[in-house]
Amino acid sequence: MRPDAVESLRAIQGALNEALLPELQTPFAQEAAQAAAWLAESLAAELDTVVENLAQDNQVLRRILTDGQVQLAAAGGNIPASAAVNETESALAQTGSGSLKISDLTAENRSLMAALAVMLEQLEDMRGDPGDKTELRTEAYRHLRQVAVRGWSFFDVSGFRERIVRARADVE
Amino acid sequence: MEEKIAAYLSARIEGADGVAISNLYRIPGGQSRETWSFDASWRDGDGEVSRGFILRRDPDASLLESDRNLEFGVMKAVKPLGVPVPEMYWLEEDASLIDRPFCMMERIDGCEASPNKVLMDPAMYAVREKVADRFASILARIHEVPLDDPGLAFMGPPPSTDGCGIQEIERWEEIVARESIEPQPVLRAAFRWMRKHLPPPASRVVLVHGDYRTGNFLADASGEIRGVLDWEMAHLGDPMEDIAWACIRPWRWLGNEQIGGLMARTDFFSKYEAAGGARIDEEAVRFWEVLGNLKLAAIFITGGRSFCEGRTRSAMMAFIARNSQRLELEIMDLMEA
């Protein structure tokens, strides 16, 4: 059987942790090898689900932005001409190509996230209170929290050890 | 590099003859400056001299474009004012001497700085209470440094007591805007949140260390803190900024709620106040914790950009930049978003 990409990353980690690190003499070299091993861990934790996550994220973001566009337009006045609507229209028009290449999905995600950033600001301005828990805003932050707890971070075995366990339970 | 250091010391140390460099090695950490340790020996009129040095040299790319002159100047100024720091020897901007600008300082031996050692080593565990006491009391001492000391004149006029929060928002917002290579909805929301939740005026404007945390001090086996390091983000501002930075989750190394892995939050506050520190304002600390997490995210973003643009090939820089999502989680928690 041929090792897949994740299994191959584990092989790199194994070489770094078991063969190279114990042999390295200087603390700086040890730190560099440790960082490389952590990078491999971070990639291995992400690789299997990255396409699925990005595709789902982009779908969720498109829905949030479409709903937000409607809310902002319904607010009337000069809101339809706002940066949020323009940014959203542009993001929605550019995305959804159907490509499953990571680079294409990431570019799409960045475009949608840029529109979300502008929309969140506009929604706060509309409501007057950044703490206001509108349904749309709640949904946007739920999504941002799901993204924020994904994958593997060095912090998960240091300062965030207990917090990340609670956070993952919250989003599941 | 040994030859260049030896030539430099020969020119710098009056009467030094036969300068020899040994045990030169790079110390891990310190992503904003390369840090090197070495021993130097020479002969002078009194005989053989041997001394340990630390060399801090500009990197090829950095987590943060920081000011070497500021760090050198502040450390030199606070040493005679009762703040434990290594003695600063020389600052050189001439890149031809040792390839890049650098400063040299005293090496303080027999101490630990790494959080793993300070918090996990069984020998250090026995003195943790003392480390915690000294951690809080030295911060109070830093905040008592007189700002009219001539050594600190180069830092310019202090902000007003009600301008400290805005000063730091603007500083870090500009860095995030300049360095980000991807959209930052959480960080942008956090800047807006901070502008709407500005802290009350600082009780007094103080010298802010800017990176005061477990990992940036040298503790000896008795629990004494003999050197506070990494002053490159020092500035004048609100003492609650340092308090909050010490409290942020990334520096709670043990993964629980212990501040700096050392003590409960209430203990930290009471020890600091008892040592003469400013009165703690917990709502202000919350504001400054949001700022602290944002600041760390901005530092990561800067390092990530350096890597992505090919100014560094450091695996550590790439790795660090991949950890900013957890900071966003913490920011959303603090904003209750």
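Residue numbers (this note's numbering), protein chains in the order written: chain A, 1 to 172; chain B, 1001 to 1337.
For each residue, glycine too, the CB sits at the ideal point set by N, CA and C.
Proximity to residue i [Cα-Cα], best of the options
i: Phe-1217(B); options: Asp-1148(B), Gly-1110(B), Pro-1185(B) and Ser-1314(B); result: Gly-1110(B)
i: Arg-1068(B); options: Ile-1138(B), Leu-1294(B) and Glu-1093(B); result: Glu-1093(B)
i: Arg-1214(B); options: Ala-1011(B), Ile-1098(B), Ala-1136(B) and Lys-1079(B); result: Looking at the sequence itself, residue 1214(B) is Thr, so the reference to Arg does not match. If we check each option's Cα against that of Thr-1214(B), Ala-1136(B) comes out closest.
i: Pro-1199(B); options: Ala-1234(B), Leu-1291(B) and Thr-1312(B); result: Leu-1291(B)
i: Asp-1046(B); options: Gly-1052(B), Glu-1014(B) and Val-1074(B); result: Glu-1014(B)
i: Gln-99(A); options: Phe-160(A), Pro-27(A), Ala-37(A) and Glu-52(A); result: Per the sequence shown, the amino acid found at residue 99(A) is Ser instead of Gln. If we check each option's Cα against that of Ser-99(A), Glu-52(A) comes out closest.
i: Leu-1207(B); options: Gln-1184(B), Pro-1157(B), Glu-1224(B) and Ile-1181(B); result: Pro-1157(B)
i: Gln-69(A); options: Asn-109(A), Met-119(A), Leu-39(A) and Asp-48(A); result: Met-119(A)
i: Arg-1249(B); options: Lys-1271(B), Arg-1286(B) and Ser-1270(B); result: Arg-1286(B)
i: His-1197(B); options: Ala-1284(B), Tyr-1025(B) and Ala-1274(B); result: Ala-1284(B)
i: Ala-1202(B); options: Ala-1016(B), Ala-1278(B), Ile-1169(B) and Phe-1154(B); result: Ala-1278(B)
i: Ala-93(A); options: Leu-43(A), Glu-162(A), Asn-58(A) and Phe-154(A); result: Asn-58(A)
i: Asp-170(A); options: Asn-109(A), Asn-86(A), Thr-26(A) and Arg-142(A); result: Arg-142(A)
i: Met-1088(B); options: Trp-1231(B), Phe-1300(B), Tyr-1272(B) and Trp-1245(B); result: Trp-1231(B)
i: Ala-1132(B); options: Ser-1222(B), Met-1155(B) and Arg-1322(B); result: Ser-1222(B)
i: Met-1240(B); options: Trp-1288(B), Arg-1057(B) and Arg-1033(B); result: Trp-1288(B)
i: Ala-40(A); options: Ala-15(A), Gln-25(A), Leu-61(A) and Met-1(A); result: Ala-15(A)
i: Thr-88(A); options: Ile-102(A), Ala-74(A), Ala-107(A) and Ala-117(A); result: Ala-117(A)
i: Met-1332(B); options: Gln-146(A), Arg-161(A) and Phe-154(A); result: Gln-146(A)
i: Arg-1204(B); options: Thr-1161(B), Trp-1172(B) and Ile-1243(B); result: Thr-1161(B)
i: Gly-1073(B); options: Ala-1234(B), Gln-1258(B), Leu-1327(B) and Lys-1271(B); result: Ala-1234(B)
i: Glu-1106(B); options: Ser-1114(B), Asp-1238(B), Leu-1091(B) and Arg-1100(B); result: Leu-1091(B)
i: Phe-1038(B); options: Ser-1050(B), Ile-1054(B) and Glu-1048(B); result: Ile-1054(B)
i: Ser-1010(B); options: Ile-1175(B), Tyr-1272(B), Asn-1293(B) and Ala-1040(B); result: Ala-1040(B)
i: Leu-971(B); options: Glu-1309(B), Arg-1026(B) and Arg-1033(B); result: Any property of residue 971(B) remains undetermined from this structure, which presents chain B solely from 1001 to 1337.
i: Ala-121(A); options: Glu-1168(B), Arg-1322(B), Arg-1195(B) and Gln-1167(B); result: The identity of residue 121(A) in the sequence shown is Glu, whereas the question assumes Ala. Here the closest residue by C-alpha is Arg-1195(B).
i: Glu-1048(B); options: Ala-1337(B), Asp-1017(B) and Met-1001(B); result: Asp-1017(B)
i: Asp-1099(B); options: Asp-1044(B), Asp-1058(B) and Ile-1027(B); result: Asp-1058(B)
i: Ala-1315(B); options: Gln-71(A), Phe-160(A), Met-1(A) and Ser-42(A); result: Ser-42(A)
Beta-carbon proximity list for residue i, same chain, < 6 Å, skipping 5 on both sides
i: Asp-1220(B); result: Gly-1110, Cys-1111 and Arg-1226
i: Gly-151(A); result: Ala-45 and Glu-46
i: Asp-129(A); result: Residue confidence is low: Asp-129(A) scores 48 on pLDDT, short of 50, so the model does not pin down where it sits. Its coordinate-derived value is still stated next. Excluding sequence neighbours, Asp-129(A) sits near nothing in its chain.
i: Leu-20(A); result: Ala-33
i: Leu-1097(B); result: Tyr-1008
i: Asp-132(A); result: Below a pLDDT of 50, predicted positions are generally treated as unreliable, and Asp-132(A), at 49, falls in that range; no measurement from the model is reported.
i: Ile-1005(B); result: Ile-1021
i: Met-1075(B); result: Val-1085, Met-1088 and Trp-1231
i: Asn-17(A); result: Ala-37
i: Arg-1134(B); result: Ile-1225
i: Asp-1211(B); result: Asp-1230 and Met-1233
Residue i - partner residues in DSSP beta bridges
i: Arg-1026(B); result: Trp-1036(B)
i: Val-1228(B); result: Phe-1217(B)
i: Ser-1343(B); result: With chain B covering 1001 to 1337 only, the question about residue 1343(B) has no answer from this structure.
i: His-1235(B); result: Val-1208(B)
i: Ile-1259(B); result: Met-1263(B)
i: Met-1105(B); result: Ile-1054(B) and Met-1088(B)
i: Glu-1112(B); result: Ala-1219(B)
Cβ-based neighbour list, residue i, same chain, cut-off 7 Å, excluding 5 preceding and 5 following
i: Glu-1003(B); result: none
i: Gly-1255(B); result: none
i: Ala-1077(B); result: Asp-1149, Gly-1151 and Leu-1152
i: Ala-11(A); result: Pro-3
i: Leu-1081(B); result: Val-1145 and Asp-1149
i: Leu-112(A); result: Asn-58, Leu-61, Arg-62, Leu-65, Ala-91 and Thr-95
i: Asp-156(A); result: Ile-164
i: Val-1186(B); result: Glu-1328, Ile-1331 and Met-1332
i: Gly-1261(B); result: Pro-1115, Leu-1119, Thr-1214, Arg-1252, Trp-1253 and Leu-1254
i: Glu-139(A); result: Ile-64
Residue i: contacting residues in chain E (beta-carbon distance under 7 Å)
i: Ala-117(A); result: The displayed structure is made up of protein chains A and B, and chain E is not among them.
Cut-off 8 Å between Cβ atoms - residues of its own chain near residue i, not counting five sequence neighbours on either side
i: Ala-55(A); result: Leu-100 and Leu-105
i: Met-1124(B); result: Glu-1112, Lys-1117, Val-1118, Val-1131, Ala-1219, Ala-1221 and Gly-1223
i: Ile-1138(B); result: Val-1083, Pro-1084, Phe-1217, Ile-1225 and Val-1228
i: Gln-1344(B); result: Here chain B has residues from 1001 to 1337 only, and residue 1344(B) is not among them.
Residues, ordered as in the chain, of the segment 137-149 of chain A that lie near chain B by beta-carbon distance below 7 Å
Hits within the stretch, in order: Tyr-141, Leu-144, Arg-145, Val-147, Ala-148 and Val-149.
Counting only runs of 4+ residues fully inside the segment 1296-1331 of chain B, write out the alpha helix (DSSP H) ranges in chain order.
Counting only runs of 4+ residues, the alpha helix (DSSP H) found wholly inside the segment 1296-1331 of chain B occupies 1315-1321, in chain order.
Mind listing which residues of the segment 1022-1034 of chain B have their C-beta closer than 8 Å to chain A's C-betas, in chain order?
Listed by position, the residues of the segment 1022-1034 of chain B near chain A (Cβ gap below 8 Å) are Tyr-1025, Arg-1026, Ile-1027, Pro-1028 and Gly-1029.
Residues of the segment 1237-1253 of chain B with a CB closer than 9 Å to any CB of chain A: list them in chain order, please.
Under the 9 Å Cβ criterion, the segment 1237-1253 of chain B contributes Ile-1248, Arg-1249, Pro-1250, Trp-1251, Arg-1252 and Trp-1253.
Interface positions of the segment 1323-1334 of chain B facing chain A (Cβ-Cβ less than 7 Å), listed along the chain
Within the segment 1323-1334 of chain B, Asn-1323, Gln-1325, Arg-1326, Glu-1328, Leu-1329 and Met-1332 place their CB atoms closer than 7 Å to a CB of chain A, listed in sequence order.
Where the segment 37-71 of chain A meets chain B: residues whose CB sits under 7 Å from a CB there
Those would be Trp-38, Leu-39 and Ser-42, in chain order.
Closer than 7 Å between beta carbons: that is the criterion. Which residues of the segment 1292-1323 of chain B meet it against chain A?
Listed in chain order, the positions of the segment 1292-1323 of chain B with a beta carbon within less than 7 Å of a beta carbon of chain A are Ala-1315, Met-1316, Ala-1318, Phe-1319, Arg-1322 and Asn-1323.
In the segment 39-115 of chain A, which residue ranges form an unbroken alpha helix (DSSP H) of at least 4 residues, counting only runs that do not cross its ends?
Listed in chain order, the complete alpha helix (DSSP H) runs (minimum 4 residues) inside the segment 39-115 of chain A are 50-74 and 83-94.
Of the residues that make up the segment 155-166 of chain A, which ones have a beta carbon closer than 8 Å to any beta carbon in chain B?
Of all residues in the segment 155-166 of chain A, Phe-155, Asp-156, Val-157, Ser-158, Gly-159, Phe-160, Arg-161, Glu-162, Arg-163 and Ile-164 have a Cβ within less than 8 Å of some Cβ in chain B.
Taking a Cβ distance cut-off of 7 Å, strictly less, list which residues of the segment 9-25 of chain A are near chain B, in chain order.
Shown here is that no member of the segment 9-25 of chain A has a Cβ falling below 7 Å from a Cβ of chain B.
Please name the residues in the segment 89-115 of chain A whose beta-carbon is closer than 7 Å to at least one beta-carbon of chain B, in chain order.
Answer set for the segment 89-115 of chain A: Arg-110, Met-113 and Ala-114.
By the 7 Å beta-carbon criterion, what residues does the segment 1254-1281 of chain B contribute toward chain A?
For the segment 1254-1281 of chain B, the beta-carbon criterion of a distance under 7 Å to any beta-carbon of chain A is satisfied by Gly-1255 and Asn-1256.
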